[in-house]
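Input: a single structure, listed below in structure tokens.
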Amino acid sequence: MTVLRYGAATDVGEVRTENQDAFHSSAHLWLVADGMGGHRGGEVASAIATETVVGLVGAEGGAVLPVAVEQANAAVITKSFEDPGLAGMGTTLTAIALVRGEGADGTDVLRLVNVGDSRTYRLATNDTVVEQVTVDHSLVAQWEREGRITADQALTHPQRNVITRALGVDAVVEVDTWDLPLVTGDRYVLCSDGLTNEVDDTVITEVLRSVTEPADAAAELVRRANAAGGRDNVTVVVLDVVDAAPVPGTGPVDLPAPVDPVDPAGDPTGPSSTSASTTPARPEESVPRSRFTWRVAAFLGALVVLVAVTAGGVWLWARNAWFLGVDPGGTEVVVFQGRPPEGVLWFEPREVAVTGVQVDDLSELGRRTLDDPVVWGSQAEAEDQARRLGEGSRRVLASPTTTTPPLTVVPTTVLPPAPAPAPGA
Ligand code: MN
0 MTVLRYGAAT
10 DVGEVRTENQ
20 DAFHSSAHLW
30 LVADGMGGHR
40 GGEVASAIAT
50 ETVVGLVGAE
60 GGAVLPVAVE
70 QANAAVITKS
80 FEDPGLAGMG
90 TTLTAIALVR
100 GEGADGTDVL
110 RLVNVGDSRT
120 YRLATNDTVV
130 EQVTVDHSLV
140 AQWEREGRIT
150 ADQALTHPQR
160 NVITRALGVD
170 AVVEVDTWDL
180 PLVTGDRYVL
190 CSDGLTNEVD
200 DTVITEVLRS
210 VTEPADAAAE
220 LVRRANAAGG
230 RDNVTVVVLD
240 VVDAAPVPGT
250 GPVDLPAPVD
260 PVDPAGDPTG
270 PSSTSASTTP
280 ARPEESVPRS
290 RFTWRVAAFL
300 GALVVLVAVT
310 AGGVWLWARN
320 AWFLGVDPGG
330 TEVVVFQGRP
340 PEGVLWFEPR
350 EVAVTGVQVD
360 DLSELGRRTL
370 DDPVVWGSQA
380 EAEDQARRLG
390 EGSRRVLASP
400 TTTTPPLTVV
410 PTTVLPPAPA
420 PAPGA
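Encoded structure:
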């Protein structure tokens, strides 16, 4: 008998004072969300997203997971408009739901979704190293895919915390979706970047190979992240597909034959395996389906319209901002359009100009400026700042020629011609 066994662990880490990660781990749904946004925003965003997905999947079944994530996006946006103190909050989310009877020949599948840079890995029986199943929606991942930086550079790049897709930012969110067959021996790990920024795939693999119990493996991974620095909140959910009798008290899920496949002829289109932004709600179990009424649909439709209108304002606000950062190579100061990563989410940030100022030439203060950038109202202002930073660095490095001009001015003003000696004195 195929059973699912699972466990989870989370920790605030060694540096931060609040844990803005959220997770869920139950018989049919496993989820990690990494909230961000000033003050308590991040915590609220990840909690709202988690509650929304847990609620909808609980009511409608695992098949609606991608739609549930879209609704979580709407819920986060709506909340951030209700409470100005929460403006700009957002969250990543990766989740797996058990879906009955939608695989080949009516088998069960694991439906995986992802938005942002939290990750889901899989370690199959014969794998030598974990495989990342999800694709990061982050600036460095995008640069890496474009061949502009290497994987090693991405690990330490100053812009590595910048994400390009999140819940709570845009009225329409594209949800990456995969359907994965249940394969005995597969081990899945869902985690926030607090794990992957601290330990590499080798360490993750080693822990997954050496610790059998899912809850213990999750706890050990969190310990490793903290031991490596623990600079961020870290959350890990481990899910095992095993062939065994259920073990009492450890939360296994046994998987009986799919329940009564509903109208097999009425569903010609299977769910997309790549993108779910248009996947319709298609719960396959008869009881949940009856709850997905036109009233729910009308409510959700109205919510989407509301969110679309308000998000237009956020769109303008987020794009009407420029600041200085570092190019993919990590050497040159460039101008970004968008909002910096701390406090609010970036809005598909992109480089709009190079400045010619080299990072290596900056003073210590100049470098700190890049870590905590000033947001400007125009590209020209950001470019001006770059010029000032560049001039500041040149002044420090320059030869005395830059200090001579003031000296040439002084004699003409403070040294009048000496009076002629008085005749006959
Ligand atoms: Mn994080």
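Residue 136 in numbering that gives the first Met the number 0 sits at position 137 of the sequence shown, and the numbers go up by one each step.
From the three backbone atoms N, C-alpha and C, an ideal C-beta is built for every residue, glycine too.
All values reported here derive from a predicted model rather than from experimental measurement.
Count the CB pairs spanning the segment 153-166 and the segment 110-123 that are closer than 8 Å, and state whether there are at least three. The segment 153-166 vs the segment 110-123: in contact.
Starting from residue 36, follow its DSSP beta bridges and name the residues at the other end. By 1-based counting over the sequence shown, the position of residue 36 is 37. According to DSSP, residue 36 bridges with nothing at all.
Leaving out five residues on either side along the sequence, give the residues of the same chain with a beta carbon under 8 Å from the beta carbon of residue 61. In the sequence shown, residue 61 corresponds to position 62, counting from 1. Answer for residue 61: 27, 28, 96, 97, 98, 99 and 110, listed in chain order.
First and last residue of the beta strand (DSSP E) that includes residue 336? Here the question's residue 336 lines up with position 337 in the sequence shown. That run of the beta strand (DSSP E) goes 331-336.
Straight-line Cα distance separating residue 0 from residue 78: Here residue 78 corresponds to residue number 79 of the sequence shown, with the count starting at 1. Here residue 0 corresponds to residue number 1 of the sequence shown, with the count starting at 1. The straight-line gap from Cα to Cα measures roughly 43 Å.
Assess, as a yes-or-no matter, whether the segment 354-365 is touched by the segment 323-330 under the definition of 3 or more beta carbon pairs within less than 8 Å. yes
According to the Cβ coordinates, are residue 182 and residue 223 closer than 8 Å? In the sequence shown, the residue the question calls residue 182 occupies position 183. In the sequence shown, the residue the question calls residue 223 occupies position 224. No.
Apart from the five residues on each side of it in sequence, which residues of its chain come closer than 7 Å, Cβ to Cβ, to residue 124? Locating residue 124 in the sequence shown gives position 125, where the first residue counts as 1. Closer than 7 Å at Cβ, skipping near neighbours: 184.
If you drop the 5 nearest sequence neighbours on each side, which residues of the same chain put their C-beta closer than 6 Å to that of residue 309? Mapped onto the sequence shown, residue 309 falls at position 310. If we look at residue 309 and ignore the five residues flanking it on each side, its Cβ neighbours are 80.
Tell whether a beta-carbon distance below 8 Å holds between residue 132 and residue 144. Taking the first residue of the sequence shown as position 1, residue 132 is located at position 133. Taking the first residue of the sequence shown as position 1, residue 144 is located at position 145. No; because the gap between Cβ atoms is not below 8 Å, this pair is not in contact.
Locate the alpha helix (DSSP H) running through residue 218, then write down its first and last residues. In the sequence shown, counting from the first residue as 1, residue 218 sits at position 219. Counting along the chain, residue 218 sits inside the alpha helix (DSSP H) bounded by residues 213-226.
Between which two residues does the alpha helix (DSSP H) containing residue 167 stretch? Here residue 167 is taken as the residue at index 168 of the sequence shown, counted from 1. Looking at the DSSP string, residue 167 is not in any alpha helix (DSSP H), and its letter there is neither H nor E.
Would the C-beta of residue 192 count as close to the ligand MN, meaning under 7 Å from any of its heavy atoms? In the sequence shown, residue 192 corresponds to position 193, counting from 1. Result yes, Cβ under 7 Å from the ligand MN.
Provide the residue span of the alpha helix (DSSP H) that contains residue 149, from first to last. By 1-based counting over the sequence shown, the position of residue 149 is 150. That residue, residue 149, is in no alpha helix (DSSP H); it is neither H nor E in DSSP.
CB-CB length for residue 8 against residue 221, believed under 8 Å: What you label residue 8 is simply residue 9 of the sequence shown in a count that begins at 1. What you label residue 221 is simply residue 222 of the sequence shown in a count that begins at 1. Confirmed, about 5 Å.
Report the three-state DSSP secondary structure of residue 242 (helix, strand or coil). As a first step, residue 242 must be located in the sequence shown, where it is residue number 243. In the three-state scheme derived from DSSP, where H, G and I count as helix and E and B as strand, residue 242 is classed as strand.
Return the CA-CA distance between residue 157 and residue 103, expressed in angstroms with no decimal places. Counted from its first residue, the sequence shown places residue 157 at position 158. Counted from its first residue, the sequence shown places residue 103 at position 104. Distance between the alpha carbons of residue 157 and residue 103: 44 Å.
Classify residue 96 as helix, strand or coil using the three-state DSSP reduction. Here residue 96 refers to the residue found at position 97 of the sequence shown. Three-state result, residue 96: strand.
Count the other C-beta atoms from every protein chain shown that fall within 10 angstroms of the C-beta of residue 18, then say buried if there are 16 or more, exposed otherwise. Residue numbering aside, residue 18 sits at position 19 when the sequence shown is read from its first letter. Per the 10 Å Cβ criterion, buried.
Pick helix, strand or coil for residue 18, following the three-state DSSP scheme. Position 19 of the sequence shown, counted from the first residue, corresponds to residue 18. In this structure, residue 18 counts as coil in the three-state DSSP scheme.
Could you check the C-alpha separation between residue 24 and residue 94 for me, to the nearest Å? Counted from its first residue, the sequence shown places residue 24 at position 25. Counted from its first residue, the sequence shown places residue 94 at position 95. Cα to Cα, the separation comes out at about 10 Å.
Following a CB-centred definition, is residue 232 positioned closer than 7 Å to any heavy atom of the ligand MN? By 1-based counting over the sequence shown, the position of residue 232 is 233. Yes, the ligand MN has a heavy atom inside 7 Å of this Cβ.
Determine the closest residue to residue 71 out of 366, 127, 139 and 172, with distance taken between C-alpha atoms. As a first step, residue 71 must be located in the sequence shown, where it is residue number 72. Checked all of 366, 127, 139 and 172; the closest Cα to residue 71 is 172.
Report all residues from its chain with a CB closer than 6 Å to the CB of residue 10; omit the five preceding and five following residues, and keep chain order. On the sequence shown, residue 10 is found 11 positions in, with the first residue counted as 1. Contacts found: 221 and 233.
Along the chain, where does the alpha helix (DSSP H) that runs through residue 372 open and close? Along the sequence shown, one-based indexing puts residue 372 at 373. First-last for residue 372: undefined, no H or E at that position.
If we call anything under 8 Å between Cβ atoms a contact, is residue 32 one with residue 106? Reading the sequence shown from its first residue, position 33 is the one you call residue 32. Reading the sequence shown from its first residue, position 107 is the one you call residue 106. No, these two residues do not count as a Cβ contact at 8 Å.
Can you check which of these residues, 226, 225 and 205, is closest to residue 216 by C-alpha distance? Counted from its first residue, the sequence shown places residue 216 at position 217. For residue 216, the nearest C-alpha among the options comes from 205.
Taking 7 Å as the line, does the beta carbon of residue 175 fall inside it for any heavy atom of the ligand MN? Your numbering for residue 175 matches position 176 in the sequence shown. No, Cβ of residue 175 sits at least 7 Å from all heavy atoms of the ligand MN.
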